[in-house]
Structures are given as C-alpha cells and as structure tokens.
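Sequence positions in the sequence shown follow the working numbering and run 232 to 496.
Glycine residues also receive a C-beta, built at the ideal position from the N, C-alpha and C atoms.
Since the model is a prediction, treat every value here as computed from it, not as a measurement.
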Amino acid sequence: MSKKIISVINQKGGVGKTTTVINLAAALAQKGKNILVIDLDPQGNATTGLGKSNNDEASNIYNILIGKRKLSQCINSSAISGLDLIGSNVNLSGLEVETANDTNRAYLLKEILTNNLNDIKNYDIIFIDCPPSLSLLTIMSLVAANEILVPLQTEFFALEGITQLVKTIDRIKINLNPNLSIRGILLTMFDKRNKLSSQVDKEARSFFKDKVYDSVIPRNVRLSEAPSHGMPCVIYDKNCSGSKSYISLADEFLNQKSENIGSAA
C-alpha cells in the first residue's frame, strides 16, 4: 500500500496515546500536511478530542468495518484545516465477537484501506488510534499499518509492558505483516522533579537507541484540559509546555531521515 499509515499503540491505558494522536496530527496539519485520524478505540476519545461526537450511529469506523457504510461516507473534517477524522462508536467493542467466524478478520481494515485508495489518496499520513489492549482491533491496526509509534510513560513498569508489546509486534511481522516497523518511541508524562522519569528515559534510550524521540512530553495540566473543549492542546493553548513539546515532536517526526512522508512505504 502506497500510504504512510502509522499505528499509535500501547497496550497499557493512560500513557498519553490519544493525546499524542490528536496533538501530533494537529501540529502536522498546521505545518501543511494532510492528515487523517482513524479512531479505532471504542471509547472514542480521539473523536471527542477533535470536537466530534462518539455517539454518531452512522458515520463511524464500526459501520465501515461491518460493510454498512463506505469509507468515503465516514470521513469528517475537523475544525483544523488539513485534519480529517473517521470517528469511533461504542458498537466497535462488539466487533471481535461479531467476526469470530471470519478467519480473515485481522486483514479487514487493511483490505478496506487498500480497496479505497482513491478516497485516501490526498492524505500524507494516516494515524490509527488503537485501544489500550492487544485485542483484535489493535492487531487489525498493526496489519494495516506500515509503522508504529509507541507512547511510553516515564513511570514504573513502563519498560516491562513494552517488552510484551515488542513480542507482539514481532509475531505480527512474522505471521501477518512483514513490512511493519517501529517509527519511534515517545516518552510521555515526564516529570523532571522525579528521578524515576529520568531513569526510565535513560533505560529506554539504552534499549531502543535512536528510535526514541529527542522530544519528550511533560506532565502538563493543559494537555488534560484540552479534550474537554473538543480540541487538541496545540490549538487550545499553543504556548503551554505540552503543546510546545508536540510541536517540537512534529518537526522531529517530519525530519526523520529514513522516511519520505507521503510517498510509498
């Protein structure tokens, strides 16, 4: 597939995954990139965080996956120029049971995106926000993606959890998607007053080397406030420390040497 599709994943909840999706997407859109966010989490936080309702019974990713709606019918523009969204709905939580007899279900999202390239051809990057688990939805995302971005909180047990994630990624590469690669590890919730944050930072860089972004996302109240206003923090308060870190991340993301954004993967 000739699209840059990035799955944002961590099986642990509360690590800043959705915050990263909406703020990185918004920052890249502000830099002139055309971005599509697919909210694959039944909680729908990326949907509400971009100012849309996760109670929309028609225009959502669940209806695309069950064949009830076309992909083109479910792409919604956000208030940010260059940033569109395919929203989520709580019905998505039942997909695993509904597709239990489909031996090809892991490829469902990939096939939909592949078969609708015309509808997504104008996007430079597609971000998929995954649920905080290693469920069918997450596996579908990993099969559809070329790359993975992993938010890693600088807290106790963070590196233990990521070991399990790396094993899952390796299994997906062997069995389902040999082209999958880790684009980057993003350290989140960093507290410079806390020695543990610095310790996790050091250990992550020792383990993942240059895969860890230089940009680090701090603990920041404004990052938590922004979604309740239906907007990314880089729009809500672009001068706070959290927004500045995500804007810095967007620059770093675009300057990663090995990748040509918007070209064939």
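| Asked | Found |
| --- | --- |
| R402 classed as buried or exposed, judged by whether at least 16 other C-beta atoms fall within 10 angstroms | exposed |
| Cα-Cα separation, S303 to R424 | 47 Å |
| F358 - containing beta strand (DSSP E), residue span | 356-360 |
| Minimum Cβ-Cβ distance from K404 to chain C less than 8 Å | Checking the listed chains, one finds no chain C in this structure; it contains a single protein chain. |
| Completely contained beta strand (DSSP E) runs for the segment 425-487, where each covers 3 or more residues | 443-449 |
| Option in N335, N332, A375 with minimal Cα separation from L344 | A375 |
| Best match in I240, T250, S238, G244 for proximity to M462 [C-alpha to C-alpha] | T250 |
| Those residues which DSSP pairs with L383 across a bridge | L418 |
| Exposed unless 16 or more other CB atoms sit within 10 angstroms - verdict on S319 | buried |
| Residue range of the unbroken alpha helix (DSSP H) whose run includes I403 | 389-406 |
| Buried versus exposed call for N470 [16 or more other C-beta atoms within 10 Å across all chains shown] | exposed |
| Of the residues L326, G313, S312, the one placed nearest I292, counting alpha carbons only | L326 |
| CB-CB length for S312 against A389, believed under 8 Å | S312 to A389, Cβ: 35 Å. No contact. |
| Option in G280, F484, L314 with minimal Cα separation from P458 | G280 |
| V328 versus K426 - alpha carbon distance | 44 Å |
| Cβ contact check for the segment 264-276 and the segment 350-362: 3 or more pairs under 8 Å | yes |
| Per-residue DSSP class, three states only, for Y276 | The residue you asked about is not Tyr; residue 276 is Asn in the sequence shown. DSSP places N276 in helix when its eight states are reduced to three. |
| Which of helix, strand or coil DSSP assigns to N241 | coil |
| Per-residue DSSP class, three states only, for S489 | The predicted position of S489 is uncertain, since its pLDDT is 49 and thus under 50; no value can be drawn from it. |
| Span of the beta strand (DSSP E), counted from its first residue to its last, around V268 | 266-270 |
| Contact check, T369 vs L316, beta carbons under 8 Å | no |
| N- and C-terminal bounds of the alpha helix (DSSP H) containing D350 | 348-351 |
| Three-state secondary structure assigned by DSSP to N254 | helix |
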